[in-house]
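For reference, the structure discussed in these notes is given below.
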Amino acid sequence: MAVSGFLTGVAIRVLIVAFLSLFTQSCKTEVVAAPTATPATAEGIDIGGTWKGTWQSASIPEAKGSMECIIRREEGRWRLVGDCAAEGGAVVRKVELWGKPASDVVNFEGRTDFGANGIFGWSALCSIDSCRGTFKGKTDEGSFILQKQ
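Counting the sequence shown from 1 gives a position; the working numbering is that position plus 347.
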């Protein structure tokens, strides 16, 4: 009986070792390197050219109009120079923003003195074909959307 119990114990151990061996073989993980994609940089995309769109006041619903800009590389940075026309074309305001590349977009910022209406801060995020931004001053704030032409 002692031999029989001994053999049963050995058989159980052999089965356990065989099971663990199969289990560990099926659970092996293979380390694979992540793909190395080179992200596009804003210096590599061409956002230069003519852009057109609209602006809209958030605080004065009737204040809105068209916006036309030129974006070009200047002094190693992106420069946005544009005209904001009120609906009907009666008032035209000039804006100028300077941009820095950030991944696959360009972040623009600038300030424009609108005389009696005060100084307005402008910011925009432009990709290869669209540009969205905001403006804010002491008398008004709003947003604008531009599309590359």
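We put the CB at the ideal spot given by N, CA and C, even for glycine. In this text the structure is predicted, and so the values were computed from the model without any measurement.
Run of the beta strand (DSSP E) containing V428, from where it starts to where it stops: What you label residue 428 is simply residue 81 of the sequence shown in a count that begins at 1. Counting along the chain, the beta strand (DSSP E) containing V428 begins and ends at 424–433.
In whole angstroms, what separates the C-alpha of G489 from that of K483? Looking up residue 489 in the sequence shown gives position 142. Looking up residue 483 in the sequence shown gives position 136. In this model, G489 and K483 are separated by some 7 Å (Cα to Cα).
On the DSSP bridge list, what partners appear for I332? Past the edges of the chain, shown from 348 to 496, lies residue 332, and the structure says nothing about it.
Own chain, CB closer than 6 Å to K447, minus 5 neighbours either side, in chain order: Stepping through the sequence shown from its first residue, residue 447 is reached at position 100. Closer than 6 Å at the Cβ level, and outside the excluded window around K447, lie N454.
Could you please give the first and the last residue of the uninterrupted beta strand (DSSP E) stretch that includes Q496? On the sequence shown, position 149 is the one that residue 496 refers to. Counting along the chain, Q496 falls outside any beta strand (DSSP E), and DSSP gives it neither H nor E.
7 Å Cβ shell around R419 - same chain, five flanking residues per side excluded: Locating residue 419 in the sequence shown gives position 72, where the first residue counts as 1. G395, R426, listed in sequence order.
Using only CA atoms, which one of L493, D487, A463, G423 lies nearest to S406? Working through the sequence shown from its first residue, we reach residue 406 at position 59. With distances taken between Cα atoms, S406 lies closest to D487.
Buried/exposed call for K495, threshold 16 Cβ in 10 Å: To locate residue 495, count along the sequence shown from 1; it is residue 148. With 16 or more other Cβ atoms within 10 Å, it is buried.
Are L472 and M414 touching if we call contact CB-CB under 8 Å? Here residue 472 refers to the residue found at position 125 of the sequence shown. Here residue 414 refers to the residue found at position 67 of the sequence shown. Their beta carbons are not under 8 Å apart, which means L472 does not touch M414 by this criterion.
Please report how far the alpha carbon of R479 lies from the alpha carbon of E456, in whole angstroms. Working through the sequence shown from its first residue, we reach residue 479 at position 132. Working through the sequence shown from its first residue, we reach residue 456 at position 109. Those two C-alpha atoms are separated by around 12 Å.
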